[in-house]
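S.K.: One structure, as structure tokens, below. Some questions next.
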Amino acid sequence: MSERISAPGSVASLASRLGQKYAPTPEQEKVIDFPLKPLLVVAGAGSGKTTTMGLRVAHLVDQGVVRPDQVLGLTFTRKATSQLSRNVRGLLGNLESETLLEQPEISTYNSFAAAVARDFGLRLGENPDAQHITDGHAIQLMKEIVAAAPGDYSVIGKTIDATAGNARNLAAQLRDNLIPVAQARQELIDYAEKCAQLFEPRSKGGANVHREIADVLKGHVPDDARRVLLTAQELETPGATLLRALARRLALLDFVDVYEEKKRELGVIEFSDQVAIAAMVAEIPDVQRVMRERYRLVLLDEFQDTSVMQLEFLLRLFGPDHGITAVGDPNQAIYGWRGASAQALADFQSRFSTGGPVETLPLNRSFRNDRLILDAANHLAHPLQLSTGAVPVPLLDAADHAGPGQVAVSVAADTDGEMESIVRAISIVWEPGKNKTIAVLARTRATLEAVAAALLDAGIPHEVNGLSGLLSTPEVADLRALLDVANDASRGDAAGRLLSRCRLGTADIMVLSSWARELTRRNRGEATGDHTVDGEAAKAIELPATTLVEVLNMLPPESYITSEGHQLSDTGRARLEDLRDAIFQVRSAFGSHLEDIVATAERALRLDIDVMARPKGPGLASRRHLDRFRQVARSFVAVVPEGSTLTSFLAWLATADSVERGLDQEAEIVVPASEGTDGTEHLAVQLMTIHAAKGLEFDHVIVAGMQEGKFPSHRSRTNPYEFTKSEWVSDISQLPWRLRRDHDSLPEFTGEKNSVTPDAADDSPMGAFLNETGTKRVSGFAKAAAAYTLQEERRLAYVAATRAKETLVLTSSWWANTTNPKMLSRFLVEILPATHELANSDKPIAQSVSAWLAAGAPPANRPGDIWWTAGSTADGFATPVLRDINGNSVELEMRLAAPEGLAKKDRELTDDTDAPTYPSTDTAIGHRKAALQRSAEHVQFALAQPDAAPAGARSRLLKEADLVIAQAAAQRGSREIVIEAPGRLSATQVQSVSSNPEEYLAYLRRPLPARPSDAARLGTEFHRWVEEYYLKERLIEIPGADDYQLPKLETWQENFRNSRFESMDPIAVEETLALSVPVGEKQLQIQCKIDALFDTDDGLLIVDWKTGSPPRTEQSLAIRSLQLQIYRHAVAAARGLDPDTIEACFFYVAHGREIHGVKMSVEEIAQQLSVLDPVSRDLAIGAELNDSEYSED
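For the sequence shown, our numbering gives the first residue as 130, with consecutive numbering after it.
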């Protein structure tokens, strides 16, 4: 029996006093009432750990064991920090005895370590004000070091970029394991000697690896690496290969040494450096005494995800026997790829107490999952029981209130069919706005992109969560492409995406390509002074190819004709000029706040207009994607304020994009998501990677792309159920596992005994290689490494399953644009009954694909969809069902085979079916072509059947459809609809609201892009001319403004030169600001673009250039003044000034007139905008918004 600090019933009484709906369970009560000493809590998914931790804090405070300010809570993400903080502080706030003048400290692990390093780092000579560098900066610094390195590093045999990447990864691993470079060097040499003993001497002739080593040894090789290579020369091929990889690591250590010294010289650090510094600081006795007295109770959340370095830091700082409660679940340890140790909980159990193992208490009652889902999750987790070491992990139990739940498996013919199955499942179990949440989870981003496309086609609102997913959305990808090109004109990939937005015809693309080659030829001619240079002579001149920006800066003249006789069309020229203008706008914003640059790019591409013009569901989702991207930029600035340039931001995004898991779990950079943040997560299907879904829950979950090789992830090209992982043996950026601090939990190549070594060699992968040598040793270890990494993949499957409350659907497909079928994921097969045809245990799974599917069958004979749901018959061929949102059972269509011969016999739906159309069919239907093809086939097949619906049945169906339409029309006629204004407007839009509110509300109901006008374009040209005039430089040429001085533009420029503003020096030009104005119960954010701001003797003066006509009436002046008054208050708020000290005026350049507006207070501005408070209007005006999230029942 575990210890306790209070009388029985005290915890239940406290929970009642604190307003808890349910009394704590017996297992929760043991945790809450445990004394102030080390405690390990193994908390299963959905077991109420956050509530339990909060009640433990409240109970210890209520019993007088600790004060609130003596409590420290640590977790991994800011979102988790916020949740834990609200829970703990909310419970403490309900304690009548507490005034709570001082609060607990709740933080992320990294933030707390950074604070310790900052407060005490000077004791070690560390700079507390060191500037943080991002991943992009760090990689660039390492590239410079590698490129400038003296001597011969041919031993590494890689490019500069690859070498820099390997060296930086190796530096990170050394830091994560707190290993100095000198120690790592010696340990690598010693390990090479141990490994060499496992191989036979080489044969006389040798192999390629021996010849390559001999060539390297002829040059200058670092001494340590040379000694290892000389040993490698004498070994058989596998030994020579392994030792050469170790020698390459020794060479990389030279770069790592210089890299660490360079960071100290520059006064910069990486985020992980802070934890390393904190770990060193934690060894100082005075620091230990201060922190142990300050925090008597320490809560460590998600402890299974801590790295070796974080564990060492906490152990050194607080020591064993301190009042630490660690909470974690070994079955949810899924971050090994970022340094987390699966052995963390076992290490806590053994190292944080001097009086024997730390006491361990379970929380295995799930309050989240229904019963069938728990059965599936427990089944997936069962093999993990053998890999959790000394930490017992009980199976999850269902709560008393748990429902039956539903689990379904879908196997489709191909990827398109799988997407149709996902759409089908979603349409059955979920409806937007019904207070039920749903998510589609996947192992890879590519799968999510296919799902997003399918949902878009089906008109189902959806949101892609996580940074990696966010970057893949079309609108964010377009926005990022513009930022990339504006920042680096040589980015051809981003330029190509921008060109695709221009929707150029084939002839225009050919003209543009020809003109780019012509410009390159001319540039080469100018470089030699010979403008006739051509052909091979031109190619010999080393000059970079012409970039898109250069082409846009000098579009071909109208007289230019290609050799094929093509000219640039007027439409194409106009679109390219728009793109040129967009790039100029972004470059003009350089020097502004990063978020303002992003906002400028959004407006420059007119994405704000594009997304508003889309249908309600997709349009709202796209708008959220853009807003979330801006929030990512804002968070990046908050975390890296000193280096938050556009270049560093784009480099960070590139790093996120290059990693399959992205940076979704980067603790300090907030990657905003819709779930649980604004109460609207039930309005859209959430799409995210399984890693990003950790810690979240949904009513319904669909796990997509469950194929061997994809999930679990591996690259087996033979039997997909038996794969290998070379890990550190061939990857020189990894430390050999023996050198890691958590090596005791990892398979050991040399056979040194540890916790995962079998007592004797056996047939399991962990033991089979121990009696082998040479090639068999290497291949056997690769199987052991694969078995180890498969455990994390299984834990990932467990995490995916336990996100679901009511419904869990697993989907897969046989073909994915391949000739041979893909095998089903072992995790999907395990969910099926053992007697199911797809899970036949009598034969190897790879050979047991039922009678109607022979392995390797050609695509023409592939099967149709297979559905199985828990509760259907074991063989899976009975009609499976899913319960819909109303609890009704809906049959799932099963096609055991496609209609035989239909695809060849009947006419195929192709791009040239019927007459040519514009736009072409492939553009119109895109990736939907395959789905439309199958739909046409099934319609044709059904019509050809003798039992097709008779005329009477068809008539009855038409009558029922008429009744449904009539009922919907009656509902529309008797209902009102609320039109809710967006939370952000531009100052120009605000003026539209004031001048004609009815017209603006109509615009909200059906937003459409503004009609292009020459006047607007000319006004834009003038604004740019003024900006250039003041800035005295141009970032990109604007063909047209200088080439053909239009009379109007010349007049405006002359009037400007004759005004007083010509000689004034502005303190800001084209400055972007924001003003928050209360409208009803919400705050309206008004975006302002200040044309020019001057500091005069009478105070600040705002000038807004106007190219139209001045107001003719007082009423017109009052309406236009609203814009000026918003500018006044925005400038005042930004600079902390009294608005009365700021003047604002329009300057009408066509008339040379300066007009001042009527001053208003913020309250008066808000009154002018009161029309934006949600207003009911007759549905006839906005019928298209019926049943949207803005309608009221």
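Built from N, CA and C at the ideal position, the CB exists for glycine as well.
Buried or exposed, going by whether 16 or more other CB atoms sit within 10 Å of the CB of residue 1379?
M.R.: Summary: the structure shown does not reach residue 1379, with the chain confined to residues 130 through 1322, and so no result is reported for it.
S.K.: By the DSSP assignment, the alpha helix (DSSP H) with residue 1258 in it spans what residues?
M.R.: Element bounds for residue 1258: 1243–1264.
S.K.: Give every residue of the same chain whose Cβ lies closer than 6 Å to the Cβ of residue 862, excluding the five residues on either side of it in the sequence, and list them in chain order.
M.R.: For residue 862, where only same-chain residues beyond five positions count, the Cβ hits under 6 Å are 295, 298, 299.
S.K.: Taking the DSSP output, what are the residues bridged to residue 1277?
M.R.: Residue 1277 pairs with 1235, 1282.
S.K.: Please state if the CB of residue 487 and the CB of residue 841 are separated by a distance shorter than 8 Å.
M.R.: Going by C-beta atoms, residue 841 is not nearer than 8 Å to residue 487.
S.K.: Could you tell me the alpha carbon to alpha carbon distance between residue 383 and residue 353, rounded to whole angstroms?
M.R.: Near 11 Å, if we compare the C-alpha coordinates of residue 353 and residue 383.
S.K.: Please specify which runs of the alpha helix (DSSP H), each continuous and at least 4 residues long, are wholly inside the stretch 224–301, giving them in chain order.
M.R.: Here the runs fully enclosed are 238–249, 264–277.
S.K.: For residue 384, list the residues DSSP reports as bridge partners.
M.R.: According to DSSP, residue 384 bridges with nothing at all.
S.K.: Among 716, 190, 245, whose alpha-carbon lies nearest the alpha-carbon of residue 222?
M.R.: Looking at the Cα atoms, 190 is the closest of the given residues.
S.K.: Residue range of the beta strand (DSSP E) that residue 178 falls in?
M.R.: Segment 178–191 is the alpha helix (DSSP H) holding residue 178; no beta strand (DSSP E) there.
S.K.: According to DSSP, residue 997 sits in a beta bridge with which residue or residues?
M.R.: Note: residue 997 sits in a beta bridge opposite 538.
S.K.: Just reading off the alpha helix (DSSP H) that residue 553 is part of, what are its end residues?
M.R.: Here the alpha helix (DSSP H) through residue 553 covers 544–558.
S.K.: With a threshold of 8 Å on Cβ separation, who are the neighbours of residue 278 within its own chain once the five nearest residues in sequence on each side are excluded?
M.R.: Once the five neighbours on either side are set aside, the close Cβ partners of residue 278 are 383, 384, 387.
S.K.: Output the distance between the C-alpha atoms of residue 417 and residue 411, rounded to the nearest integer angstrom.
M.R.: Going from the Cα of residue 417 to the Cα of residue 411 covers about 6 Å.
S.K.: Would you kindly check if the distance between the Cβ of residue 1116 and the Cβ of residue 1252 is under 8 Å?
M.R.: In this structure, residue 1116 lies closer than 8 Å to residue 1252 by Cβ.
S.K.: In this structure, how does DSSP classify residue 526 when only helix, strand and coil are distinguished?
M.R.: In this structure, residue 526 counts as strand in the three-state DSSP scheme.
S.K.: For residue 829, does the three-state DSSP call read helix, strand or coil?
M.R.: Correct three-state label for residue 829: strand.
S.K.: Identify every residue that forms a DSSP beta bridge with residue 933.
M.R.: DSSP, once it has assigned bridges, lists 827 as partnering residue 933.
S.K.: Straight-line CA distance for residue 310 to residue 271?
M.R.: Spanning the two alpha carbons is a distance of roughly 16 Å.
S.K.: Report yes if the C-beta distance between residue 465 and residue 817 is below 8 Å; otherwise report no.
M.R.: No; because the gap between Cβ atoms is not below 8 Å, this pair is not in contact.
S.K.: Verify whether the separation of the beta carbon atoms of residue 1239 and residue 1285 is less than 8 Å.
M.R.: In this structure, residue 1285 does not lie closer than 8 Å to residue 1239 by Cβ.
S.K.: Does DSSP classify residue 455 as helix, strand or coil?
M.R.: Three-state result, residue 455: strand.
S.K.: Can you check the stretch 355–438 for any alpha helix (DSSP H) of at least 4 residues that lies completely inside it and give the ranges in chain order?
M.R.: List check, alpha helix (DSSP H) in window: 366–395, 400–410, 414–423.
S.K.: Would you kindly work out how many angstroms separate the C-alpha atoms of residue 108 and residue 591, rounded to a whole number?
M.R.: Residue 108 lies beyond the range of the chain shown here (130 to 1322); nothing can be said about it.
S.K.: Using the rule of at least 16 other Cβ atoms within 10 Å of the residue's Cβ for burial, across every protein chain shown, is residue 151 buried or exposed?
M.R.: The residue in question, residue 151, is exposed, as its Cβ has fewer than 16 Cβ neighbours within 10 Å.
S.K.: Have a look at residue 169 and residue 619 and give me their C-alpha separation to the nearest angstrom.
M.R.: Taking the straight line joining both Cα atoms gives about 54 Å.
S.K.: Report the residue from 727, 813, 1011 whose alpha carbon sits nearest the alpha carbon of residue 587.
M.R.: Answer by Cα proximity: 813.
S.K.: Would you list the one or two residues that DSSP bridges to residue 644?
M.R.: Paired residue(s): none; residue 644 is not in a bridge.
S.K.: Could you compute how far the alpha carbon of residue 318 sits from the alpha carbon of residue 357?
M.R.: Residue 318 and residue 357: Cα-Cα distance of roughly 7 Å.
S.K.: Within 8 Å, do at least three Cβ pairs link the stretch 603–613 to the stretch 717–736?
M.R.: The answer is yes - the stretch 603–613 touches the stretch 717–736, with three or more Cβ pairs under 8 Å.
S.K.: On the three-pair Cβ rule with 8 Å, is the stretch 332–348 touching the stretch 438–445?
M.R.: Result no; under three Cβ-Cβ pairs closer than 8 Å.
S.K.: Taking only the alpha-carbon atoms, compute the straight-line gap between residue 1054 and residue 943 and give it to the nearest angstrom.
M.R.: In this prediction, residue 1054 scores a pLDDT of 43, lower than 50, which makes its location untrustworthy; the coordinate-derived value is nonetheless stated afterwards. Spanning the two alpha carbons is a distance of roughly 24 Å.
S.K.: What do you get for residue 511, buried or exposed, if any count of 16 or more other CB atoms within 10 angstroms of its CB means buried?
M.R.: Per the 10 Å Cβ criterion, exposed.
S.K.: Please state the DSSP three-state secondary structure of residue 1078.
M.R.: With a pLDDT of only 49 at residue 1078, under 50, the local geometry of the prediction cannot be trusted, and the value read off the model is given with reservation. Correct three-state label for residue 1078: coil.
S.K.: Would DSSP call residue 1174 helix, strand or coil?
M.R.: Residue placement at residue 1174 is poorly supported in this model, since its pLDDT is 42, which falls under 50; the coordinates still yield a value, given next. Of the three classes helix, strand and coil, the one that applies to residue 1174 here is coil, per DSSP.
S.K.: Using DSSP bridges, identify the partner residues of residue 561.
M.R.: Bridge partners of residue 561: none, in fact.
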